[in-house]
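2 protein chains.
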Amino acid sequence: MLGLMQDWPLTVDKIIDHAKNWHGHREVVTRSVEGPIVRTTYAEIHARAKRVSGVLKDWGIQKGDRVATLAWNTGRHMEVWYGIMGIGAVCHTLNPRLFPEQLIYIINHAEDKIIFVDLTFIPLLEAVLPHCPTVERVVVMTDELTMPATKLPGAECYEAILSGASGDIAWGEFEEGTACGLCYTSGTTGNPKGVLYSHRSNFIHTLLGMQSTVLGPSPSEVILPVVPMFHANAWGIAFAGPAGGTKLVMPGARMDGAAIYELIESEGVTFSAAVPTVWQGLLMHLREHKLQIPTVKKVLIGGSAVPESLIRAFNDEFGIEVLQGWGMTETSPVGSLSNMTPELAALPFEEQLKWRTKQGTPPLGVELKIKNVAGQDLPHDGHTYGRLMVKGPTIAGAYFRSDEKILDHEGFFDTGDVSTVDDHGFMQITDRAKDVIKSGGEWISSIEIENIAVGHPKVELAAVIGAAHPKWDERPVLVVKLKPGEPQDRQEHLDFLVGKIAKWWMPDDVVFVDDIPLGATGKVDKKLIRERMKDYVLPTAA
Amino acid sequence: MLGLMQDWPLTVDKIIDHAKNWHGHREVVTRSVEGPIVRTTYAEIHARAKRVSGVLKDWGIQKGDRVATLAWNTGRHMEVWYGIMGIGAVCHTLNPRLFPEQLIYIINHAEDKIIFVDLTFIPLLEAVLPHCPTVERVVVMTDELTMPATKLPGAECYEAILSGASGDIAWGEFEEGTACGLCYTSGTTGNPKGVLYSHRSNFIHTLLGMQSTVLGPSPSEVILPVVPMFHANAWGIAFAGPAGGTKLVMPGARMDGAAIYELIESEGVTFSAAVPTVWQGLLMHLREHKLQIPTVKKVLIGGSAVPESLIRAFNDEFGIEVLQGWGMTETSPVGSLSNMTPELAALPFEEQLKWRTKQGTPPLGVELKIKNVAGQDLPHDGHTYGRLMVKGPTIAGAYFRSDEKILDHEGFFDTGDVSTVDDHGFMQITDRAKDVIKSGGEWISSIEIENIAVGHPKVELAAVIGAAHPKWDERPVLVVKLKPGEPQDRQEHLDFLVGKIAKWWMPDDVVFVDDIPLGATGKVDKKLIRERMKDYVLPTAA
Numbered sequence: 038m039l040g041l042m043q044d045w046p047l048t049v050d051k052i053i054d055h056a057k058n059w060h061g062h063r064e065v066v067t068r069s070v071e072g073p074i075v076r077t078t079y080a081e082i083h084a085r086a087k088r089v090s091g092v093l094k095d096w097g098i099q100k101g102d103r104v105a106t107l108a109w110n111t112g113r114h115m116e117v118w119y120g121i122m123g124i125g126a127v128c129h130t131l132n133p134r135l136f137p138e139q140l141i142y143i144i145n146h147a148e149d150k151i152i153f154v155d156l157t158f159i160p161l162l163e164a165v166l167p168h169c170p171t172v173e174r175v176v177v178m179t180d181e182l183t184m185p186a187t188k189l190p191g192a193e194c195y196e197a198i199l200s201g202a203s204g205d206i207a208w209g210e211f212e213e214g215t216a217c218g219l220c221y222t223s224g225t226t227g228n229p230k231g232v233l234y235s236h237r238s239n240f241i242h243t244l245l246g247m248q249s250t251v252l253g254p255s256p257s258e259v260i261l262p263v264v265p266m267f268h269a270n271a272w273g274i275a276f277a278g279p280a281g282g283t284k285l286v287m288p289g290a291r292m293d294g295a296a297i298y299e300l301i302e303s304e305g306v307t308f309s310a311a312v313p314t315v316w317q318g319l320l321m322h323l324r325e326h327k328l329q330i331p332t333v334k335k336v337l338i339g340g341s342a343v344p345e346s347l348i349r350a351f352n353d354e355f356g357i358e359v360l361q362g363w364g365m366t367e368t369s370p371v372g373s374l375s376n377m378t379p380e381l382a383a384l385p386f387e388e389q390l391k392w393r394t395k396q397g398t399p400p401l402g403v404e405l406k407i408k409n410v411a412g413q414d415l416p417h418d419g420h421t422y423g424r425l426m427v428k429g430p431t432i433a434g435a436y437f438r439s440d441e442k443i444l445d446h447e448g449f450f451d452t453g454d455v456s457t458v459d460d461h462g463f464m465q466i467t468d469r470a471k472d473v474i475k476s477g478g479e480w481i482s483s484i485e486i487e488n489i490a491v492g493h494p495k496v497e498l499a500a501v502i503g504a505a506h507p508k509w510d511e512r513p514v515l516v517v518k519l520k521p522g523e524p525q526d527r528q529e530h531l532d533f534l535v536g537k538i539a540k541w542w543m544p545d546d547v548v549f550v551d552d553i554p555l556g557a558t559g560k561v562d563k564k565l566i567r568e569r570m571k572d573y574v575l576p577t578a579a
Numbered sequence: 038m039l040g041l042m043q044d045w046p047l048t049v050d051k052i053i054d055h056a057k058n059w060h061g062h063r064e065v066v067t068r069s070v071e072g073p074i075v076r077t078t079y080a081e082i083h084a085r086a087k088r089v090s091g092v093l094k095d096w097g098i099q100k101g102d103r104v105a106t107l108a109w110n111t112g113r114h115m116e117v118w119y120g121i122m123g124i125g126a127v128c129h130t131l132n133p134r135l136f137p138e139q140l141i142y143i144i145n146h147a148e149d150k151i152i153f154v155d156l157t158f159i160p161l162l163e164a165v166l167p168h169c170p171t172v173e174r175v176v177v178m179t180d181e182l183t184m185p186a187t188k189l190p191g192a193e194c195y196e197a198i199l200s201g202a203s204g205d206i207a208w209g210e211f212e213e214g215t216a217c218g219l220c221y222t223s224g225t226t227g228n229p230k231g232v233l234y235s236h237r238s239n240f241i242h243t244l245l246g247m248q249s250t251v252l253g254p255s256p257s258e259v260i261l262p263v264v265p266m267f268h269a270n271a272w273g274i275a276f277a278g279p280a281g282g283t284k285l286v287m288p289g290a291r292m293d294g295a296a297i298y299e300l301i302e303s304e305g306v307t308f309s310a311a312v313p314t315v316w317q318g319l320l321m322h323l324r325e326h327k328l329q330i331p332t333v334k335k336v337l338i339g340g341s342a343v344p345e346s347l348i349r350a351f352n353d354e355f356g357i358e359v360l361q362g363w364g365m366t367e368t369s370p371v372g373s374l375s376n377m378t379p380e381l382a383a384l385p386f387e388e389q390l391k392w393r394t395k396q397g398t399p400p401l402g403v404e405l406k407i408k409n410v411a412g413q414d415l416p417h418d419g420h421t422y423g424r425l426m427v428k429g430p431t432i433a434g435a436y437f438r439s440d441e442k443i444l445d446h447e448g449f450f451d452t453g454d455v456s457t458v459d460d461h462g463f464m465q466i467t468d469r470a471k472d473v474i475k476s477g478g479e480w481i482s483s484i485e486i487e488n489i490a491v492g493h494p495k496v497e498l499a500a501v502i503g504a505a506h507p508k509w510d511e512r513p514v515l516v517v518k519l520k521p522g523e524p525q526d527r528q529e530h531l532d533f534l535v536g537k538i539a540k541w542w543m544p545d546d547v548v549f550v551d552d553i554p555l556g557a558t559g560k561v562d563k564k565l566i567r568e569r570m571k572d573y574v575l576p577t578a579a
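Chains A and B, in that order, are what the protein sequence lines are. This note's numbering puts the first residue of the first sequence at 38, with every later residue one more than the last. This note's numbering puts the first residue of the second sequence at 38, with every later residue one more than the last.
Below is the structure:
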């Protein structure tokens with residue numbers, strides 16, 4: 038027997054409709070790519086998004102067609118985003134930090150028909166576009182006054198096309214499973230893979246994000262999403278902001294400490310979300326200029342593990358709570374959050390840090406397990422490592438145009454991370470599965486050793502990789518890039534680890550290198566390190 | 038083109054699974070019907086709900102079968118609730134405040150097969166059950182020590198059946214549209230009507246309720262749902278509590294001020310939800326004993342319009358914010374909430390009251406409109422009255438076993454309320470559509486006049502009804518029940534209204550009565566008043 042409630046498809050056009058109807062005057066403030074601070078409202082964004090839809094319809098864009106953006110977080114980007122999605126086309130957010138050959142690959146793989154581009158990225162697109170035959174048009178997201186000369190064939194000016202467009206366009210009226218957004222992972226192995234979000238998954242993810250323990254948007258908050266819309270949907274803020282009637286402050290192209298501080302100060306930001314490096318930049322700026330940001334109550338940090346020092350600094354110096362989040366493109370991206378329980382919150386702050394540095398618990402709607410190689414569930418004891426597996430309506434079930442089977446027999450997606458879960462339910466990522474070192478049937482976390490090793494005052498960067506060993510299968514090797522002028526002393530780096538890690542985790546060797554390569558997302562590129570060291574032989578294995 | 042996210046049906050068994058997995062130690066504290074305070078956890082509730090499912094399966098309960106509860110808010114009621122829903126049976130919450138003949142009607146209409154009953158309601162059920170042929174078994178929700186002698190045929194003891202049950206039962210694995218809960222309206226016209234919730238609607242409603250602007254459950258909160266599970270699902274708290282990992286405090290059979298205070302004080306309640314009369318009772322108790330409840334930050338009040346005096350008293354005397362909510366059985370029930378915007382919050386508190394006494398704005402997922410009789414949208418100007426219409430995935434589309442068409446051409450459900458919406462988006466209910474007085478083509482709100490009239494120091498209760506008038510169609514009549522011993526002076530009640538309502542709203546007559554009848558939910562029963570006054574003739578119409 039079926040229930041008798043209304044059939045109301047969960048489609049994201051209803052999010053911006055809701056914002057227009059109930060929070061129409063609420064502002065979206067942007068540091069424009071052209072420079073000045075510009076202000077708009079949800080009512081205006083709604084009206085202009087309708088006109089974007091009108092233009093796309095005029096150009097023959099159909100349901101399911103891919104329309105791309107290569108753009109910063111701005112009010113205009115939100116207009117384009119909702120304008121594309123509202124008519125059932127797919128908004129493909131291109132990540133400008135990808136290498137040009139990766140951009141070419143994903144534009145062709147997605148068969149994008151139109152690309153909306155910010156001024157900043159015109160040179161990049163000029164280099165890429167000749168290799169992308171499916172792209173019919175390019176729209177430069179600026180007005181006629183600042184429209185540049187460009188080699189882009191038939192480039193259109195955003196404000197010019199909008200001024201002539203009709204906004205009398207119906208949105209929605211398709212099933213909620215309809216494709217809505219497309220975002221490629223910047224995976225370090227093989228080609229990027231496309232995650233094809235549905236209206237349903239984005240709407241449900243918006244509801245997950247609206248929980249008080251996630252983003253908690255409301256008209257009383259002012260949210261600054263530094264995390265880009267091209268990076269896992271700005272962690273859902275471009276949906277949750279309008280859904281909650283929350284003023285958004287969009288940083289445009291500038292994410293340096295001074296720029297972020299200025300927006301926080303002038304717009305009264307209460308909550309912000311960014312990767313650790315952005316927060317490090319802000320922290321340096323605040324300290325250098327002896328500034329405070331009293332309106333900010335909480336910051337969400339994700340994208341990579343949050344250093345304890347950052348959590349402590351925000352708490353001690355600025356009275357700001359750091360909420361750590363974990364997620365990935367394949368999880369829409371909210372996966373887990375480090376919300377303190379009352380038991381943990383009752384501890385002294387220094388003791389809380391043990392949990393605040395973990396990735397925390399999943400919200401309702403995300404099923405999360407750690408499993409061993411045989412696919413069996415592992416205990417929540419805080420020390421047993423396993424593959425981190427997730428399941429839910431906001432988790433990828435397959436990649437776009439790929440036959441790869443990515444779910445296990447229980448329907449769980451393998452995140453590629455290795456983690457523990459403790460008896461408070463707090464998940465902690467200990468390594469990427471491909472980086473974990475298998476030694477004598479046990480696992481050694483390369484990340485844990487790295488995090489300690491990099492704390493040595495003479496070390497600039499450190500990486501730990503597994504090297505082949507005849508008896509133990511693999512043993513850890515510490516790869517160190519020293520600060521300029523520091524002497525190479527193998528033993529002092531090993532001594533530095535003593536007492537901080539298990540004895541059997543102690544690296545068998547230390548290798549000094551001039552350069553530790555970083556990938557597109559600023560993380561150490563261990564694949565490249567392993568390639569460079571493919572002829573390396575462990576002294577203990579010889 | 039469809040998105041490629043996982044197919045994960047939104048079913049409510051996943052809510053209690055989530056609570057067990059991530060908040061298994063979090064408590065549910067109950068003032069038991071037997072008397073003592075009893076404590077359990079989400080892990081235990083989960084395990085025992087599985088055994089309830091086992092028992093139901095053993096008894097042949099199939100998907101779609103209706104299993105009823107006649108019970109207070111307790112941990113046991115939650116076990117039964119999830120135990121029924123988990124196997125795809127329908128949990129029919131019986132409202133013990135209905136008249137026995139209404140209970141008989143709805144049990145027969147629903148064809149309930151089993152009824153779980155609290156000790157309190159055994160006499161009521163003994164009277165009702167002989168008229169309910171579909172009921173096969175009754176389970177008394179107590180243990181063997183307190184199991185009473187009862188005339189109920191074949192009554193089972195809850196703890197006895199649970200102790201012998203298997204908990205090895207699979208939940209879910211049916212489509213999300215599957216019926217999940219059944220609740221009948223206590224409408225004042227005609228027979229009660231059944232709202233048949235689906236798993237999908239209840240899950241989405243849970244996500245709506247988890248927003249920081251609605252219930253905002255989290256492990257840091259302690260929520261006391263005074264509003265009963267048999268009354269519009271306890272406003273969703275029996276779902277949102279476990280979903281948010283929130284400690285719940287269940288009041289059982291006692292909702293008097295002393296009992297509620299004791300629970301708040303001993304359990305550290307931070308948030309509670311109830312109808313105005315419960316809060317009036319608590320307020321009297323607090324004042325009388327000069328008590329404070331500093332752990333409570335916010336209370337949600339709904340069910341009927343919240344008196345300004347109550348909002349002011351909680352704010353001024355106890356530093357507690359009153360959040361007013363509007364909803365109904367047909368809306369799951371969250372419809373709108375009086376969250377202050379930053380603009381309104383910046384006003385002095387006395388000025389805020391103009392909005393705090395309104396029913397507020399809808400959350401994402403509830404579409405809300407006011408329409409005129411012709412079905413056209415009316416403006417948000419704060420004074421134009423219209424039929425309050427709602428639409429969404431948590432709104433009824435039809436009544437159980439009824440052919441009545443309840444949605445308009447746009448798919449909106451007519452709430453039967455008349456309201457305004459102002460330019461801040463705040464909805465205010467001005468009357469029930471059937472009580473509004475149509476005078477000269479314009480509408481007069483009976484409720485607004487009543488709310489003022491009842492403030493006269495000599496008045497105990499007041500009602501305003503429309504009486505036929507040859508020229509104006511209807512004119513208002515003020516019906517007054519005086520406090521004991523007060524003299525009948527028609528003019529002083531009219532004078533009391535002068536300057537507080539429009540001149541043309543002024544009642545044409547004042548009628549003094551010995552008794553103003555109240556309905557099952559404590560509201561004035563205007564239908565009965567109109568019946569009693571069916572021979573009344575307006576002096577102005579004579």
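Even for Gly, the Cβ is constructed at its ideal location relative to N, Cα and C. A quick note: this is a predicted structure, and the numbers were derived from the prediction, not measured.
Go to residue i, then tell me how far its beta strand (DSSP E) extends in each direction, as first and last residue.
i        : result
A:Arg76  : Ile74 to Thr78
B:Gly218 : Ala216 to Tyr221
B:Ser235 : Gly231 to Ser235
I'd like the list of long-range same chain contacts for residue i, defined as Cβ closer than 8 angstroms, with 5 residues on each side in sequence excluded.
i        : result
A:His83  : Ile53, Asp54, Ala56, Lys57, Gly61 and Tyr119
A:Tyr573 : Ala504, Val514 and Val548
With a threshold of 9 angstroms between beta-carbons, can residue i be considered close to chain B, or not?
i        : result
A:Met377 : yes
A:Cys241 : According to the sequence provided, residue 241 of chain A is Ile. The question's Cys does not apply to it. Yes, contact with chain B.
A:Met42  : yes
Compare the C-beta of residue i against all C-beta atoms of chain A and say whether one is closer than 9 angstroms.
i        : result
B:Gly429 : yes
B:Phe437 : yes
B:Asn58  : yes
Specify, as a first and last residue, the run of the alpha helix (DSSP H) that residue i falls within.
i        : result
B:Leu381 : Pro379 to Ala382
A:Met570 : Unbroken run through A:Met570: none, as it is neither H nor E.
Report yes if the CB atom of residue i is closer than 9 angstroms to the CB atom of residue j, and no otherwise.
i        : j        : result
B:Leu405 : B:Lys442 : no
A:Met266 : A:Thr366 : no
B:Pro430 : A:Trp45  : yes
Excluding the five sequence neighbours on either side, which residues of its own chain have a C-beta within less than 7 angstroms of the C-beta of residue i, listed in chain order?
i        : result
B:Asn204 : Looking at the sequence provided, one finds Gly at residue 204 of chain B rather than Asn. These residues qualify, in order along the chain: Ala84, Lys87, Arg88 and Gly91.
So, for residue i: in the same chain, excluding its five sequence neighbours on each side, which residues have a beta-carbon less than 6 angstroms away from its beta-carbon?
i        : result
A:Arg438 : none
A:Leu233 : Ala216, Leu219 and Phe437
A:Thr183 : Glu71
Exercise for review: Note down, in chain order, all residues in the stretch 193-219 of chain A with a beta-carbon under 7 angstroms from any beta-carbon belonging to chain B.
Suggested key: Gly214, Thr215, Ala216 and Cys217
Check your understanding: Given a limit of 9 angstroms on CB to CB distance, which residues of the stretch 114-146 of chain A reach chain B?
Key -> Gly125 and Val127
Point to revise | Cβ-based contacts, 8 angstroms cut-off: residues of the stretch 244-257 of chain A near chain B | key: Leu244, Leu245, Met247, Gln248, Ser249, Thr250, Gly253, Pro254, Ser255, Pro256 and Ser257
Review point. Using a beta-carbon distance cut-off of less than 7 angstroms, what residues from the stretch 393-407 of chain A approach chain B?
Key: Thr398, Pro399 and Leu401
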